[in-house]
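In our numbering, the protein residues as written are 4 to 947.
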């Protein structure tokens, strides 16, 4: 008897379109199996031969958290390259390494959670290192390049599936799970949505991750913008993955819903498809989803929509077609090409801030003193992989100039800590001969903080001399003579056990607190104080008083080596795990005092002092008395080699600042003020004088711009010019095109980046550079029309080397629509549709859709709506309000003409009621509304 072979189910047929295969698979999954897919860790479905799967793999500038990998410059450093072509190659390398690492470790995921496209609106944001730029155009250009590299070139199968972070208006760590960003419509459309929109529209994005914060009073994880905007930008199925713990925050921290079933249902209906919550344990999430189904809050069709989006990504990654997946054969790991690319990226990220008749580039034979807390460091951040190779500035200069011509002083304070009994803290010897570094210089995570196999500190008559570094605001690290940092493990004992400060809660930071003629030593990770016990030194509720005995101040060592050198290179900056990181915003732009001491000592000993800032964010540092200064983000594994090559002139620097460097803290808005227009924020609106402007960066070469021409045709502005290399060495130039409305009817940017190009020229070479910019790039969001409008009138186009270094300009007339009065009889006034405001917070009109406005702080607020047309006359005004309080209406600068009052509180913040009053008005006027008391205003209507 002949037995027919089992037929291949349609979902396994690689010749069918993905959509049909997903349709088939959905019919085969049970409701419980579908629910199980909704947690980050989806189990296998063995009866269908479907493997377990998880969303999420960090890959911001290399594959992170999964062991050794190529480490590229931080994201803000990639943004500083202004080079999408380079960044695409970086994305390609990262995705190939992800594939190679997954081939030997299936814990490595192919759904990568990167890049971060949050705009760097405020430089004190702790996660500044994760974004590309304060400008949406530059951010989208770099993000698009990176996602294309991550995705790969195959038309059907993706190498990895990138998810953009963090939707939306996320630029503070302070109270990040409960704070609300008040984002007016113009800022929403012209600023915060743009970086996401242009990147998604480019076609290489698999999904997004909502942010922890709220926007306009509504958590991002139930944002209607996911449906109203995100999913209208592409025909691809986009996967929305929650941030870790955020689904529970909807109830536990934000108190936005009363039950987790209600919250989970609302998030899923808003568009969240994968719930990252409670680690690898899916039981709570699946129970909540089942509860929501049982309560009628979700249907199986709702589950299908989310599971479909997940399966779409899994099919695109080739999971169901292993024999047809082209990327299994293209994996590569730690190749010579990747190492070269890491060096090239680090070189292109270096920004020359200043070089006024300075010593750069360094001549052959120069005797160099390299000093500073970052001089012999190759720092990693929270989203780094483990280094396979490393290069510090000191090592790079040794390699480039020879060790005999390079002197070094770290500049730490050398101290001993003496107890009241006269004994000193001491580090016992440990069997860790090469600390945490292997043969290739890789960091072994097992030898980072948290070790308990090393002996605790003790006390001795002489004790150990510690290297003390103050990273600002009194936050200290203490390093033992063998190079390991003092740390505290779960058992509470102090050990010299960490190769670097790090971890979600850093256990290597301390603070000295004056007390009774000495100091208490507070451990910041636990909030407890250091105490000497019979069995070792540990943290406790009460601590011992220590005397700090200083053997040498850091500036003494710096002055000693600086005075003998031709040039001093001071390497200053931040440790990415201290004072500015995820969960922690900075409080100041100032360089920490310890590092200022070192800079002053170097400058006093040797006027030929070069400042190199290696940092994840800008500083306000006085460079007036310095001949030269550079900045680079933490540059990954090749940082030191790259910096040395730039200092030596092997490479002419061409990085450009991706965000404004402000001169002082006084230039900054409040961290939670997201109104870039009203607050005059970023280079787009800032009217002060920056320390260094957006797009700034100098070169060892010089370039002449000429022959600018601009025309409008076929819906685009076409601009061209020539750039001639007038220097004596091959170098890159970043040509930047900006535009501005000359006579706008509403506040518009002072200038706005329209396009840019990084080009390489040999001495004497001339390049023709052209840009084609769609006219839509000149539009603004008209709140009167609730849509985009291209305004008729003159527009100035500016070409140059930065937002302030303009070499050529021209003005052309653009046809569009002139401003028109707002027809209030037809549409009334949306509460959030104002032109100007004072003291207003935008809040949620309901839990699911819409905006309202309310006084932000002191119970009063004012709104202005310009040029409102009352036609031949109105006789009545109606305000839709909730809460309690009064609304006063005036025209132009006149007296109050109508007062509408809620005398008794409504039944909750969403229980709107209409309040009507008489109003006599005709013609065109500015409407001024004053809100008094805790009320929410959704809409104001008018009738004749």
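Ideal placement from N, C-alpha and C gives every residue a C-beta, glycine not left out. Computed from a predicted structure; not experimentally measured.
Report the CB separation of residue i from residue j in whole angstroms; it is logged as a contact under 8 Å.
i	j	result
residue 799	residue 792	Their Cβ separation, rounded to whole angstroms, is 19 Å, which puts residue 799 and residue 792 out of contact at 8 Å.
residue 20	residue 327	With a Cβ gap of about 14 Å, residue 20 and residue 327 do not count as contacting.
residue 542	residue 475	Not really, about 22 Å apart at Cβ, beyond 8 Å.
residue 172	residue 138	Not quite, the Cβ-Cβ distance comes to about 16 Å (not below 8 Å), so this is no contact.
residue 795	residue 754	About 20 Å separates the two Cβ atoms, so there is no contact after all.
residue 551	residue 420	6 Å
Residues bridged to residue i by DSSP?
i	result
residue 913	DSSP lists no partner for residue 913.
residue 159	The partner list for residue 159 (beta bridge, DSSP) is empty, contrary to what the question assumes.
residue 517	522
residue 503	Bridge partners of residue 503: none, in fact.
residue 748	According to DSSP, residue 748 bridges with nothing at all.
residue 44	57
residue 739	759 and 803
residue 381	Bridge partners of residue 381: none, in fact.
residue 814	799
residue 420	551
residue 921	879
Out of curiosity, what's the CA-to-CA distance linking residue i and residue j?
i	j	result
residue 893	residue 834	15 Å
residue 886	residue 210	37 Å
residue 621	residue 700	14 Å
residue 348	residue 74	11 Å
residue 640	residue 939	53 Å
residue 146	residue 757	16 Å
residue 549	residue 536	14 Å
residue 50	residue 303	21 Å
residue 593	residue 126	12 Å
residue 287	residue 281	8 Å
residue 583	residue 710	45 Å
residue 480	residue 472	5 Å
residue 102	residue 866	54 Å
residue 950	residue 113	A question about residue 950 goes unanswered here, because the residues of the chain that appear run from 4 up to 947.
residue 431	residue 538	13 Å
residue 2	residue 634	The requested residue 2 is not part of the displayed model; the chain covers only 4 to 947.
residue 879	residue 873	11 Å
residue 450	residue 41	Low local confidence applies: a pLDDT of 39 at residue 450 is under 50, so the model's placement there is unreliable, with the coordinate-based value given in what follows. Near 36 Å, if we compare the C-alpha coordinates of residue 41 and residue 450.
residue 827	residue 712	43 Å
residue 759	residue 766	21 Å
residue 155	residue 402	36 Å
residue 274	residue 309	7 Å
residue 105	residue 57	13 Å
residue 652	residue 570	15 Å
residue 532	residue 547	8 Å
residue 358	residue 575	18 Å
residue 774	residue 645	31 Å
residue 446	residue 380	The predicted position of residue 446 is uncertain, since its pLDDT is 36 and thus under 50; no value can be drawn from it.
What span of residues does the beta strand (DSSP E) with residue i cover, start to end?
i	result
residue 196	Segment 196-204 is the alpha helix (DSSP H) holding residue 196; no beta strand (DSSP E) there.
residue 759	755-764
residue 893	888-894
residue 603	Not the beta strand (DSSP E): residue 603 falls in the alpha helix (DSSP H), residues 596-608.
residue 25	Element bounds for residue 25: not the beta strand (DSSP E) but the alpha helix (DSSP H), 21-31.
Under DSSP, the alpha helix (DSSP H) around residue i begins and ends at which residues?
i	result
residue 956	Lying before the first or after the last residue shown, residue 956 is absent from the chain, which here runs from 4 to 947.
residue 560	557-565
residue 78	78-83
residue 89	87-107
residue 140	139-154
residue 34	34-39
residue 415	Residue 415 -> no alpha helix (DSSP H), and no H or E assigned at all.
residue 829	827-830
residue 402	396-404
residue 124	From DSSP, residue 124 is part of no alpha helix (DSSP H); its letter is neither H nor E.
residue 229	228-231
*Can you give, in chain order, each stretch of the beta strand (DSSP E) that sits fully within the segment 242-312 and has at least 3 residues?*
none
*Identify every run of the beta strand (DSSP E) within the segment 625-708, keeping only runs that are complete inside it and at least 3 residues long; order them along the chain.*
631-635
*Quick one: complete beta strand (DSSP E) runs, 3+ long, within the segment 453-501?*
461-463, 469-473, 479-482, 488-491 and 497-501
_4-residue-minimum alpha helix (DSSP H) runs that sit fully inside the segment 325-361, ordered along the chain_ = 339-351
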